[in-house]
Amino acid sequence: MQTFTEVQKFAAIATEKHLTVSAAESCTGGLIGSALTALPGASAFFLGSAVTYSNESKEKILGVPRGILFAYGAVSKQTAACMSKAALELYGSDLAVAVTGIAGPAGGSFEKPVGLVYISVTDGTKTVTKKFIFNGNRSEVRVQTVFSAMRMLNELAESL
Numbered sequence: 002m003q004t005f006t007e008v009q010k011f012a013a014i015a016t017e018k019h020l021t022v023s024a025a026e027s028c029t030g031g032l033i034g035s036a037l038t039a040l041p042g043a044s045a046f047f048l049g050s051a052v053t054y055s056n057e058s059k060e061k062i063l064g065v066p067r068g069i070l071f072a073y074g075a076v077s078k079q080t081a082a083c084m085s086k087a088a089l090e091l092y093g094s095d096l097a098v099a100v101t102g103i104a105g106p107a108g109g110s111f112e113k114p115v116g117l118v119y120i121s122v123t124d125g126t127k128t129v130t131k132k133f134i135f136n137g138n139r140s141e142v143r144v145q146t147v148f149s150a151m152r153m154l155n156e157l158a159e160s161l
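Residue 2 is where the sequence shown starts when you use the numbering used here, and the numbers rise one by one after that.
Given below as structure tokens:
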């Protein structure tokens, strides 16, 4: 319910300011695109979402440099920022959001635990990337990621 409220808020801001948005998603697997398209009229502001789950797809589809993936990993501030900038360019949108993380239940480590997510939003001039550590099962981590991504997107859109 909270996520839907954030999506509705974004739709209102985007409509008022004539903004478009795109996404690059990893751990959410398309949930951001799904949340945005749950609203009638989403085609007025939502251009698309690239689901780049593997490192190979991040590199081939989004152009995330192999050196970034090798040096910092797929789940990193650097990768998330590259993903958001790539989505902006790929779709030609005014704003973009990207998420990469470890939803679990496996795949975590001491340095990168399950629930670790990086979310990045950009307007092409300003890029904000934040680290989150969410609790809960896989589904809960993914839902919290979408909510936080929409909240960050709203903050960026409101600042324009």
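For glycine and all other residues, C-beta sits at the position ideal for the given N, C-alpha and C.
Quiz item: Can you tell me where the alpha helix (DSSP H) with Phe148 in it begins and where it stops?
Solution: Arg139 to Ser160
Self-check item: For Leu157, the nearest candidate out of Gly108, Ser85 and Leu117 (CA to CA)
Solution: Ser85
Exercise. On the DSSP bridge assignment, give the partners of Ser58 in chain order.
Key: For Ser58, which the question treats as bridged, DSSP gives no partner whatsoever.
Exercise. Starting from Ser50, follow the beta strand (DSSP E) in both directions and report where the run begins and ends.
Key: Phe47 to Val52
Practice problem: Report yes if the CB atom of Ser27 is closer than 8 Å to the CB atom of Tyr54, and no otherwise. | Solution: yes
Practice problem: Check Ser77 in the structure and name its three-state DSSP category. | Solution: coil
Quiz prompt | Local conformation of Phe111 per DSSP, three classes | solution = coil
Exercise. Take Lys40 and list the residues in its own chain whose beta-carbon comes closer than 8 Å to its own, dropping the five residues that flank it on each side.
Key: Here the sequence assigns Leu to residue 40, which means Lys is not the residue at that position. Contacts found: Val8, Gln9 and Ala12.
Self-check item: DSSP beta-bridge partners of Ile134
Solution: Leu117
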